[in-house]
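What follows is a single structure, written as structure tokens, with notes after it.
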Amino acid sequence: MNSPKRFAELPEYAFPRLRTLLGSLTPGNNAPVEMTIGDPRHDPPAFVADVIAEHSAGFRGYPPNEGAPELLRACADWLGTRYGYAADPGTDILVLNGTREGLYNASMALCPEDKNGQRPAILTPNPFYQVYAVASLSVGADPVYINATEATGHLPNFRALDPELLDRTAIVYICSPANPQGATASLAYWSDLLALAETHDFKIFADECYAEVYRDTPPVGVLEAVRATGADPDRVVAFHSLSKRSNLAGLRSGFAVSGPGNIARMKQLRAYAGAPLPLPLQMAAAATWADETHVEENRALYAAKFQAAQEILGHIPGVTIPDAGFFLWLPVEDGEAATIKLWTEAGVKVLPGAYLARDTDAGNPGQGFVRVALVAPLDDTIAGLTRLRNCIYS
């Protein structure tokens, strides 16, 4: 049985740490700009409320745990349109109450108790989404943090790892577009990772929740690499969500797609440990996955903010404006010091990059960065970025 002491390895979550850091410090502007949390603020599709109301009688019954047929079909159709991937809605897709549930429970369902007679390792990019580490500790695996830096294209270089570590690796978490850097995996990157997974017999958990927020070219998905290479679909689990794509974080609707073997084991666990989405919300999700107009409008709003970021910050040495996601990963001398300075002198609240990463032998890859979320309205975003530039980079 896992000891609760294992969770002592986790530092305090990023946002309580930020509240402690800033404490009672007074913002240096009487119109503060909040740029810390990736909480979408664009309007969700107008039709969602109507669909929920139309199906409101569904609240009286227990919802289907594995997903309503209409939602499973909508997810499969979207995968076919977006990635050219043919998923069987009955065997290859599992509806989730938000992808955080899936990212956690996938490890619970699929991580072996040992790997080649050793404690399994779960590899995660560093910096990363915190649930990866909690899932690793929950299953008694060793979380191993692989620094993703400018030198590695802000994606982990798994190929450079010790083969002995890879041999005891059970799962690799990878986020593309990356949170926080916005880096995207190419078809070559995915294909190489699939080949490495085949050689060392591990699974790839592809967190692709930011896949629909991009500037010009749609990011390549892991399923495209599965299709291109002929890899076993059970080698991967891909996760998608309406939170960022459709500004519906509160709907708690996502899904996992994989081969029938993985999905069957995840369904078995979910029958006991999952929280199914109420049926009216599943019907709203089905309608949302089937509509692309609102997604294009959403992308245009983000594109305008990233164009503003390019104009305000793009000339600064070391600053890179990413092609996907909705964060800026900005270089500073020290993330905590820059966060305090921005709040007390400019009234701009950002997140120290080190709070999203772990210390390693090679250092904390977030130490010299702050994360800036471009979720506020355009005028607020321009004001925040302008103050940030004048405060930090002048």
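Residue numbers for the sequence shown, in the working numbering: 29 to 422.
Just so you know, even glycine gets a beta-carbon here, dropped at the ideal spot from N, CA and C.
Note that the structure is predicted; figures quoted are calculated from it, not measured.
Short Cβ contact (8 Å threshold) for residue i with residue j
| i | j | result |
| --- | --- | --- |
| Thr372 | Gly56 | yes |
| Ile232 | Arg196 | no |
| Gly353 | Gly210 | yes |
| Leu122 | Ala284 | yes |
| Ile80 | Ala328 | no |
| Asp235 | Leu131 | yes |
| Val241 | Tyr383 | no |
| Asn275 | His70 | yes |
| Ile337 | Leu413 | Looking at the sequence provided, one finds Ala at residue 337 rather than Ile. The answer is yes: Cβ separation under 8 Å. |
| Ser135 | Val172 | no |
| Pro393 | Pro155 | yes |
| Ala374 | Arg399 | no |
| Pro73 | Asp319 | yes |
| Ile349 | Tyr421 | no |
| Asp260 | Gly287 | yes |
| Leu270 | Leu46 | no |
Cα-Cα separation, residue i to residue j
| i | j | result |
| --- | --- | --- |
| Ala163 | Arg128 | 10 Å |
| Leu189 | Thr119 | 34 Å |
| Pro247 | Gly258 | 20 Å |
| Gln176 | Phe186 | The residue you asked about is not Gln; residue 176 is Ala in the sequence shown. Distance between the alpha carbons of Ala176 and Phe186: 10 Å. |
| Asn30 | Asp142 | For Asn30, the predicted structure reports a pLDDT of 49, less than 50, and the residue's modelled location is therefore unreliable. A value from the coordinates is still provided. Going by the C-alpha atoms only, they are around 14 Å apart. |
| Leu194 | Tyr113 | 28 Å |
| Pro306 | Leu297 | 19 Å |
| Arg147 | Leu165 | 12 Å |
| Val174 | Glu98 | According to the sequence as given, residue 174 is Ile; it is not Val. About 39 Å. |
| Cys203 | Pro153 | 8 Å |
| Gly289 | Asn418 | 54 Å |
| Pro304 | Ala169 | 27 Å |
| Ala59 | Asp408 | 10 Å |
| Arg293 | Leu138 | 7 Å |
| Leu53 | Pro68 | 26 Å |
| Glu252 | Ala115 | 12 Å |
| Glu94 | Leu279 | 17 Å |
| Ile340 | Ala102 | 40 Å |
| Asp78 | Ser84 | 10 Å |
| Ala225 | Gly181 | 20 Å |
| Gln158 | Ala42 | 9 Å |
| Gly342 | Ala411 | 16 Å |
| Arg110 | Thr48 | 42 Å |
| Ala365 | Asp229 | 43 Å |
| Leu61 | Gly89 | Position check: residue 61 holds Val in this sequence, whereas Leu was assumed. C-alpha separation (whole angstroms): 43 Å. |
| Gly391 | Val403 | 30 Å |
| Ala266 | Gly249 | 9 Å |
Residue i, DSSP secondary structure in three states
| i | result |
| --- | --- |
| Asn175 | strand |
| Arg128 | helix |
| Ser164 | helix |
| Arg147 | coil |
| Cys428 | In the structure displayed, the chain extends from 29 to 422; residue 428 sits before or after that span and is not available. |
| Val79 | helix |
| Phe397 | strand |
| Ser274 | coil |
| Glu268 | First, the amino acid is wrong: residue 268 is His here, not Glu. In this structure, His268 counts as strand in the three-state DSSP scheme. |
| Tyr217 | helix |
| Glu62 | strand |
| Phe230 | coil |
| Thr152 | strand |
| Ala284 | strand |
| Met29 | Confidence is the limiting factor: at Met29 the pLDDT is only 43, short of 50, which leaves the residue's position unreliable and the question unanswerable from this model. |
| Ile121 | strand |
| Thr212 | coil |
| Val378 | coil |
| Pro308 | helix |
| Val200 | strand |
| Leu49 | helix |
| Leu189 | coil |
| Tyr111 | helix |
| Asp262 | helix |
| Tyr242 | strand |
| Ala68 | Position check: residue 68 holds Pro in this sequence, whereas Ala was assumed. If DSSP states are grouped into helix, strand and coil, Pro68 belongs with coil. |
Cβ shell of residue i (< 8 Å), same chain only, five flanking positions each side left out
| i | result |
| --- | --- |
| Leu50 | Thr367, Ile368, Trp371 and Lys377 |
| Ala256 | Leu215 and Ser219 |
| Pro359 | Gly346, Val347, Gly396 and Phe397 |
Beta carbon proximity, residue i to chain D, threshold 8 Å
| i | result |
| --- | --- |
| Ala81 | As a matter of chain content, chain D is missing from the structure shown, which is built from one protein chain. |
Residues near residue i in its chain [Cβ-Cβ closer than 7 Å; skip 5 each side]
| i | result |
| --- | --- |
| Ala401 | Met63, Thr64, Ile65, Gly66, Phe354 and Phe355 |
| Thr227 | none |
| Leu124 | Gly130, Gly282, Phe283 and Ala284 |
Cβ-heavy atom distance, residue i to the ligand HEM, below 7 Å
| i | result |
| --- | --- |
| Gly86 | Among the ligands in the structure shown, none appear at all, so the ligand HEM cannot be discussed. |
Cut-off 6 Å between Cβ atoms - residues of its own chain near residue i, not counting five sequence neighbours on either side
| i | result |
| --- | --- |
| Tyr160 | Thr152 and Tyr201 |
| Ala239 | Pro247 |
| Ala332 | Leu406 |
| Pro205 | Thr212, Tyr238, Pro247, Ala352 and Gly353 |
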